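Asker: Dumping the structure here so I can ask a few things about it.
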Amino acid sequence: MHEFSFASNIVDVIMQNVIKNHVSKVISVLVEIGEFTMIIPDFLRHSYDIIKESHPELVNSHIIITSVPGKVQCEDCGTITEISFKKASSDSIDASLAMMNPSAFTCKKCHGSKTTIVGGRQALIKSMKVDE
Ligand SMILES: [Zn+2]
Numbered sequence: 000m001h002e003f004s005f006a007s008n009i010v011d012v013i014m015q016n017v018i019k020n021h022v023s024k025v026i027s028v029l030v031e032i033g034e035f036t037m038i039i040p041d042f043l044r045h046s047y048d049i050i051k052e053s054h055p056e057l058v059n060s061h062i063i064i065t066s067v068p069g070k071v072q073c074e075d076c077g078t079i080t081e082i083s084f085k086k087a088s089s090d091s092i093d094a095s096l097a098m099m100n101p102s103a104f105t106c107k108k109c110h111g112s113k114t115t116i117v118g119g120r121q122a123l124i125k126s127m128k129v130d131e
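Here the sequence shown is numbered in numbering that gives the first Met the number 0, starting from 0 and rising by one per residue.
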């Protein structure tokens with residue numbers, strides 16, 4: 000599962016910091032997810048809650064997830080169009096279908112369909128709140 004492996008990567012990075020900085024308790028972790036990663040925030044939160052149980056430093060922590068919209072750039076006119084799947088509710092199937100069909104992304108200015116993904120594929124740990 001996509002979200003589960005991503006959550007375990009997050010926990011690995013957090014634990015490296017915990018060990019390095021001698022942190023005894025993590026309070027919260029802020030994660031930013033590009034919408035083109037196709038990570039579903041609820042699944043990610045759930046996966047994190049499962050994985051954190053095996054780390055005493057993380058048991059009482061929670062994950063805060065913010066989504067950033069995907070961005071495509073038009074090959075014809077250079078305009079950058081933001082793509083957000085949030086409007087299509089949490090229906091990830093729609094989003095996955097759109098990813099498999101790049102022509103679903105059209106330029107907002109010239110309506111051209113030759114677009115390149117330029118943003119929204121990243122997933123980053125933005126910050127971490129700890130109790131030392
Ligand atoms: Zn265009």
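Don't be surprised by glycine CBs; every beta carbon is placed ideally from N, CA and C. All values reported here derive from a predicted model rather than from experimental measurement.
(1) Taking the beta strand (DSSP E) that Val58 belongs to, which residues open and close that run?
(2) Measure the CB-CB distance between Ser27 and Ile62 and report whether it falls below 9 angstroms.
(3) Quick one: Cα of Ile82 to Cα of Pro55, how far?
(4) List the endpoints of the continuous alpha helix (DSSP H) containing Val10.
(5) Within 10 Å of its beta-carbon, does Cys76 have 16 or more other beta-carbons around it, so buried, or fewer, so exposed?
(6) What's the C-alpha gap between Ser89 and Lys125?
(7) Just to confirm the assignment, what range does the beta strand (DSSP E) spanning Asp130 have?
(8) Taking 8 angstroms as the threshold, find out whether the segment 12-32 comes into contact with the segment 113-128 through three or more Cβ pairs.
(9) With the cut-off set at 9 angstroms, would you say Phe3 and Thr36 are in Cβ contact?
(10) Indicate, with yes or no, if ligand 1 has a heavy atom lying under 8 angstroms from the CB of Thr115.
(11) Taking the straight line between their C-alpha atoms, what separation do you get for Ile39 and Arg120?
(12) Could you tell me whether any non-hydrogen atom of ligand 1 is closer than 8 angstroms to the CB of Asp75?
(13) Less than 9 angstroms between the C-beta atoms of Lys108 and Cys73, yes or no?
Answerer: Looking at the atomic coordinates:
(1) Where Val58 is concerned, there is no enclosing beta strand (DSSP E), given that its DSSP letter is neither H nor E.
(2) Yes, the pair counts as a contact, with Cβ atoms nearer than the cut-off.
(3) Those two C-alpha atoms are separated by around 39 angstroms.
(4) First-last of the alpha helix (DSSP H) with Val10: 1-19.
(5) The residue is exposed, with fewer than 16 neighbouring Cβ atoms inside 10 Å.
(6) Here the model assigns Ser89 a pLDDT of 48, short of 50, so the residue's position is not dependable, and the following value carries that caveat. Rounded to the nearest whole angstrom, the CA to CA distance from Ser89 to Lys125 is 23 angstroms.
(7) For Asp130, the enclosing beta strand (DSSP E) has its first and last residue at 122-130.
(8) The segment 12-32 makes contact with the segment 113-128; the number of CB pairs closer than 8 angstroms reaches 3 or more.
(9) Remark: C-beta atoms of Phe3 and Thr36 do not approach each other more closely than 9 angstroms.
(10) At a cut-off of 8 angstroms, the beta-carbon of Thr115 does not count as near ligand 1: no heavy atom of the ligand is closer than that.
(11) Here the alpha carbon of Ile39 sits roughly 13 angstroms from the alpha carbon of Arg120.
(12) Closer than 8 angstroms to some heavy atom of ligand 1: that describes the Cβ of Asp75.
(13) In contact: Lys108 and Cys73 (Cβ atoms closer than 9 angstroms).
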